[in-house]
Each structure stands twice: as structure tokens, then as C-alpha cells.
Amino acid sequence: MPNTVLRHMVAALWVGAVAAFAAPASSSAQEVTLRMEHFLPAQANVPKLILEPWAKAVEEESSGRIAIEIYPSMQLGGTPPELINQTRDGVIDISWYVVGYKPGLFPRTEVFEQPFIMKNAEATSRAFWRLFEKEMRDTEFKDFKVLATWVHGPGLFHTDEPIQSVEDLNGMKIRGGSRSVNALLTELGAEPVGMPAPSVPEALSKGVIDGAAVPWDVVPSIKVAELIGNHTEFGTPALYTLTFVLVMNKDRYESLPDDLKDVIDANSGIELSGFAGRTQAASDAPARQAAKERGNTVTVLEGEALQGFKDAAEPVIDAWVADIDSKGLDGAALLDEAETLIDEENEWLEAGNVSSGPLESTAD
């Protein structure tokens, strides 16, 4: 056999052997692309300050093996209330979801939405995670991989006409973001109108609603301060808050290699929850200042005016407890437990602690 032919045969066998040994290594280093969808514009505070840093942390800590594509403003189709079903059914892999968009679907979460309970968004978000782990992981959220639970900063009213007492709300059509908020609006004499936050600008401009209950942080992205001139605050504790979850399709999570599951898990849980609550609430002040610079009126209720709202809220809490009891749960016990956890987390924060966020060390 000529030497040139022999050399070519040896070279071919060597290349084949290298390829055979290389194949398993290439397979184990496969890339995973996860699609995340949410309902806000990309420049809004939650995607910009929470979701995008979280995705970046996961990508970096997986050494690029996980890629996360983020689709804002429902770009993959559907409506904001449908996000939870889309995630459960695998249409998308991950979503950020307002729990109240599906009234009654996750009943235990509503305990954190009761009026005048939330004092600090970070503490309440951490308490939410702790109660989720104990009471919700294997019940209402059993079909999901929950990555974080949190609440926004103090809820308030944004209206055409000023609100200085409970009586001023009588007959007003106000957008509410959850069943709990709508129950409160009804008790206050307003007419609740349920709709996702992105629908608020059009509803205000067309006169479908007279105002909206949304936190300050979302006001710039949906241009509320440009459409109305009055904002009514209630101090601490907050009039209300809403609950959010960052959820992943459970089968998609289970399909990941163990080391990539570890990356997801390391960037999930109570630390992410607390960070998200703190970050969203921290976006309130700039939005409030921008509204004042536009010449809008910000009213902070106190004294008898504030007490009137607190008195009106009591029947709302009692009705929620009774409704939860009718579902076979113990509403009063759930409320007590949530308040205890919130107090414990507030004490933890007052001791100088802070939740670790994406790309930050979570070491003790």
C-alpha cells in the first residue's frame, strides 16, 4: 500500500476517534433556551430592574448554557390573565404574573392583599415566600415551579377628582387589580372595574373609568399621571397591595440537567422574592416626584379621614375570612400566620439585613 494512502487512512481513523470521544462532551454542554413573557413594556420598572437582571444572572451562572428570551407586552400572544395557563401548559416557559388576574384560583395568596396589612414590600414579599413554602407549594401551585413571590409598594388611588374621604369615592368607577381590591372598592362605595394595568390608559382617556388603583412604580409606564391630576395616599400600613409570582413550567424545569436546575434554584426563593419587593417599591418615589413636577396633587390622608377608610376595611377582611372558611381553609389562622411572618420579616429588616438580588452573593 502506498505511503500516501496509508497516511490518509490513519488520519481518517484519528479524526473519527476524536469525533467519537468528543460527541458525549458536546451533548452534555447543550444550550437551553427559555422563553419568558410578561405584560408590561420593556422599559417599565419590573422588567428593567427585576426580570432582566434575573435572566442575566441565570445566563452568567450557567456559563451561557441557559439563554432566556424575554417577550414584553404579551408579544407571544394572549392576554395578561392568560399568562398563568400559558405557563402551566408549556406555551411559554416562564412568566411574571399578577395573581389577582384569576380571582380565587390561588386563594391563600389573597391574605397578603388584605387592607392595611402590608407595612414593607420587602418584608411582606419574604413572608409571602415563607407561607408559600408551607401552605401553597403543594396545593394551589402544585402544577408550577414557582421562582419568586412578591408584592408591590403601597397601593393608592389615582383619580380625576380629589379624594379626601370615603364619601368622595361614592359612585366613582375605579380600576381594581384583584378580587380583594375590588371587594374593598365596593365597600368604599366605588364601582370596581376589573382590567389589567396596560388597559388603564385607554379606559381613562375614554372615560370608562374615573380612576385607578395602581402603585406608583407602574404609573410612568402606563402614563397615568398624564391622564389624571389627583393621587391619594394612605401612609403605613398600606391601603392594599397586590401579589405577584414568577413561575416556570414545571415539566420544563424537570427536563433540565441537574446542574442547570441548581442554577435556577440558586437564583430563586426568598432572597429573590425580597429583592423584587424592595426593588419594585423603591421605584415608587421617582414616579411620585415626576407626578408632582407635572403639577399633579398628591394627598396623604391622616386622622379622621384615614380612620374612615380603616373602618370601612374591617368588613372586607371579615368577608374574606368567611369566604376562605367556605373553601375548607381556616381564614383567621391564615391571617394570623401571615401577620406573624410579616412582623418577623420586618424585625429581620430592622436588624440591618437585606435580601440579596440577582448577581449578588447570597452567602451568610
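The sequence shown begins at 3 in our numbering and counts up by one.
For every residue, glycine included, the Cβ atom is placed at its ideal position computed from N, Cα and C.
Values in this document were obtained by computation on a predicted structure and should not be read as measured data.
Within a Cβ cutoff of 8 Å, which residues of the same chain sit near T141, ignoring the five residues on either side of it in sequence? The residue you call residue 141 lines up with position 139 of the sequence shown. For T141, where only same-chain residues beyond five positions count, the Cβ hits under 8 Å are R110.
For L15, is the classification buried or exposed, using 16 other Cβ atoms within 10 angstroms of its Cβ as the cut-off for buried? Within the sequence shown, numbered from 1, the residue matching residue 15 stands at position 13. Because L15 sits at a pLDDT of 38, beneath the cut-off of 50, its placement in the model cannot be relied upon, and the point is left open.
Query - Any alpha helix (DSSP H) of 4 or more consecutive residues that is wholly inside the stretch 71–102 - result: Runs found: 85–90.
For Q88, does the count of other Cβ atoms within 10 angstroms reach 16, so buried, or fall short, so exposed? Counted from its first residue, the sequence shown places residue 88 at position 86. Per the 10 Å Cβ criterion, buried.
What does DSSP give as the partner residue(s) for L343 in the beta ladder? Within the sequence shown, residue 343 is the residue found at index 341, counting from 1. L343 pairs with nothing; no bridge assigned.
Neighbourhood of A69 by C-beta distance below 8 Å, restricted to the same chain and skipping five residues each side: Indexing the sequence shown from 1 puts residue 69 at position 67. Around A69: E33, V34, T35, L36 and E61.
Nearest-angstrom Cα separation, counted from G271 out to G79: By 1-based counting over the sequence shown, the position of residue 79 is 77. By 1-based counting over the sequence shown, the position of residue 271 is 269. If I take the Cα positions, the gap works out to 28 Å.
Check: Around the C-beta of R296, are 16 or more other C-beta atoms found within 10 angstroms, so that it is buried, or is it exposed?
Finding: In the sequence shown, residue 296 corresponds to position 294, counting from 1. By the beta-carbon neighbour count (other beta carbons within 10 angstroms, threshold 16), R296 is exposed.
| Per-residue DSSP class, three states only, for I230 | The residue you call residue 230 lines up with position 228 of the sequence shown. Residue state, collapsed to three classes: coil.
*Could you give the DSSP three-state label for N355: helix, strand or coil?*
Residue 355 sits at position 353 when you count from the first residue of the sequence shown. Residue state, collapsed to three classes: coil.
Q) Residue range of the alpha helix (DSSP H) that W218 falls in? A) Here residue 218 refers to the residue found at position 216 of the sequence shown. Here W218 belongs to no alpha helix (DSSP H), and DSSP marks it neither H nor E.
| message | Since V247 and Y103 should fall inside the 8 Å C-beta cutoff, what is the C-beta to C-beta distance between them, to a whole number of angstroms? | response | Taking the sequence shown and counting its residues from 1, the one referred to as residue 247 is at position 245. Taking the sequence shown and counting its residues from 1, the one referred to as residue 103 is at position 101. Contact flag wrong, Cβ pair sits at about 11 Å.
Residues near G191 in its chain [Cβ-Cβ closer than 6 Å; skip 5 each side]: One-based indexing of the sequence shown puts residue 191 at position 189. Taken in chain order, the residues that qualify are L171 and N172.
Q.
Assuming contact is defined by CB atoms lying nearer than 9 Å, are A315 and Q166 in contact in what I supplied?
A. The sequence position of residue 315 within the sequence shown is 313, counting from 1. The sequence position of residue 166 within the sequence shown is 164, counting from 1. No, these two residues do not count as a Cβ contact at 9 Å.
Exercise. Do K147 and I319 have their C-beta atoms closer together than 9 Å?
Worked result: For this step, residue 147 is matched to residue 145 along the sequence shown. For this step, residue 319 is matched to residue 317 along the sequence shown. No, the pair does not count as a contact, with Cβ atoms beyond the cut-off.
Roughly how many angstroms separate the alpha carbons of G196 and G179, rounded to a whole number? What you label residue 196 is simply residue 194 of the sequence shown in a count that begins at 1. What you label residue 179 is simply residue 177 of the sequence shown in a count that begins at 1. Approximately 6 Å between the Cα atoms of the pair.
| message | Considering only DSSP beta bridges, list what N47 is partnered with. | response | Position 45 of the sequence shown, counted from the start, is the residue given in the question as residue 47. DSSP output for N47 lists no bridge partner at all.
* Around the C-beta of P360, are 16 or more other C-beta atoms found within 10 angstroms, so that it is buried, or is it exposed? -> The residue you call residue 360 lines up with position 358 of the sequence shown. Buried is the call here.
Requested in this report: Rounded to whole angstroms, what's the CA-CA distance from A125 to D162? Just pull it up for me.
Outcome: As a working note, residue 125 is residue 123 in the sequence shown. As a working note, residue 162 is residue 160 in the sequence shown. The alpha-carbon atoms of A125 and D162 are separated by roughly 33 Å.
- Alpha-carbon to alpha-carbon, V302 and E235: Here residue 235 refers to the residue found at position 233 when the sequence shown is read from its first residue. Here residue 302 refers to the residue found at position 300 when the sequence shown is read from its first residue. Their backbone Cα atoms lie some 5 Å apart in a straight line.
Please say whether I224 and V210 have beta carbons closer to each other than 9 Å?
Here residue 210 corresponds to residue number 208 of the sequence shown, with the count starting at 1. Here residue 224 corresponds to residue number 222 of the sequence shown, with the count starting at 1. Using a Cβ distance threshold of 9 Å, V210 and I224 do not count as a contacting pair.
Only counting runs of 4 or more residues, tell me where the alpha helix (DSSP H) segments fall wholly within the stretch 245–290, in order along the chain. 252–256, 260–268 and 272–284
- Task: Mark G66 as exposed unless 16 or more other C-beta atoms lie within 10 angstroms of its C-beta, in which case mark it buried.
- Result: Indexing the sequence shown from 1 puts residue 66 at position 64. Result: exposed.
| message | So, at 7 Å on beta carbons, what are the nonlocal neighbours of L186 in its own chain, with the 5 sequence-adjacent residues on each side left out? | response | Sequence index remark: in the sequence shown, residue 186 carries index 184 (1-based). P117, Y242, A315 and V318, listed in sequence order.
- Task: Pull up the distance between the alpha-carbon of E339 and that of K208, whole angstroms please.
- Result: Position 337 of the sequence shown holds residue 339. Position 206 of the sequence shown holds residue 208. Approximately 43 Å, taken between the alpha carbons.
Alpha-carbon spacing of E137 relative to T245, whole angstroms:
Reading the sequence shown from its first residue, position 135 is the one you call residue 137. Reading the sequence shown from its first residue, position 243 is the one you call residue 245. Near 15 Å, if we compare the C-alpha coordinates of T245 and E137.
- Item | DSSP-derived helix/strand/coil call for A185 | The residue you call residue 185 lines up with position 183 of the sequence shown. Three-state DSSP puts A185 in a helix.
Task: Spatial distance of D212 from I176 (CA atoms) - done: On the sequence shown, residue 212 is found 210 positions in, with the first residue counted as 1. On the sequence shown, residue 176 is found 174 positions in, with the first residue counted as 1. Approximately 6 Å between the Cα atoms of the pair.
DSSP three-state assignment for F114, whether helix, strand or coil = For this step, residue 114 is matched to residue 112 along the sequence shown. Assigned with DSSP and collapsed to three states, F114 falls in helix.
(message) Extract the residue ranges of the alpha helix (DSSP H) inside the stretch 103–174, only unbroken runs of 4 or more that lie entirely within it.
(response) 123–133
Do T281 and N47 have their C-beta atoms closer together than 9 Å?
-> As a first step, residue 281 must be located in the sequence shown, where it is residue number 279. As a first step, residue 47 must be located in the sequence shown, where it is residue number 45. Yes, Cβ-Cβ distance for T281 and N47 is below 9 Å.
- Check whether P194 and T81 have beta carbons under 9 Å apart: Here residue 194 corresponds to residue number 192 of the sequence shown, with the count starting at 1. Here residue 81 corresponds to residue number 79 of the sequence shown, with the count starting at 1. No, these two residues do not count as a Cβ contact at 9 Å.
Notebook entry, point to check: Which first and last residues belong to the beta strand (DSSP E) in which E193 is found?
Noted result: Start at 1 with the first residue of the sequence shown, and residue 193 comes out as number 191. Per DSSP, E193 belongs to the beta strand (DSSP E) from E193 to G196.
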